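To start, the structure itself, in C-alpha cells.
In our numbering, the protein residues as written are 185 to 323.
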C-alpha cells in the first residue's frame with residue numbers, strides 16, 4: 185500500500201494485492217470435501233490485483249477518481265480479469281456531506297449449471313454502470 189500527500193490538496197493511493205485462490209479450502213466436521221478441494225486446486229490459481237486512486241481537495245469540494253484491475257482467479261485464463269473505473273465529486277460542510285460517484289465495471293466469467301466437463305459453460309460478459317449518491321450527517 186502506498187499513500188502519499190503531495191500537497192495538502194492532492195492525495196494519491198496505490199495498492200498491489202496478491203491472492204492464491206487455489207489455496208481456498210472447504211471444511212466441515214461432518215463431510216470430507218476432498219473432491220471439491222481438488223477441483224478448487226485444479227481450476228483456480230494466483231492473481232494480482234492493482235488499485236490506483238486520487239483525490240483533489242478544494243474544500244468544501246472534493247474530486248476523486250480511481251482504477252482497479254483484478255486478476256483472473258482462474259488458472260491460465262487471463263481474459264477473466266475485471267476492471268473498475270470510478271469518478272466522483274463531493275461537498276463537505278463539516279456536519280453534512282454529499283457525494284456523487286459514477287463507476288464502470290467490466291468483467292467476464294464462466295458459469296455452468298452442471299458439470300463443465302460434460303457441457304460447455306456459458307461465458308458471461310458484464311459491463312456494469314453505477315451512479316451512486318450519498319448524503320451523510322455528522323453529529
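Quick reminder that beta carbons are idealized off the backbone N, C-alpha and C, glycines included.
Since we're looking at a predicted model, the values are computed, not measured.
- Take the alpha-carbon of residue 206 and the one of residue 320: they are about 40 Å apart.
- Residue 229 is positioned such that its CB atom lies no closer than 8 Å to that of residue 250.
- Assignment of beta strand (DSSP E) within the region 244–299, counting only whole runs of 3 or more residues, yields 245–254, 266–276, 280–295 in chain order.
- Measuring C-alpha to C-alpha distances from residue 317 to each of 217, 252, 211, 283 identifies 283 as the nearest.
- Secondary structure note for residue 221: its alpha helix (DSSP H) is the uninterrupted segment 218–227.
- Assignment of residue 212 by DSSP, reduced to helix, strand and coil, places it in the coil class.
- Going by C-alpha positions, residue 277 is about 39 Å away from residue 203.
- With fewer than 16 other Cβ atoms from the protein chains shown falling within 10 Å of its own Cβ, residue 198 counts as exposed.
- Taking one beta carbon from each stretch, the region 263–272 and the region 239–253 have 3 or more pairs nearer than 8 Å; the two touch.
- Apart from sequence neighbours up to five positions away, the residues of its chain that approach residue 281 with a beta-carbon distance below 7 Å are 274, 275, 320, ordered along the chain.
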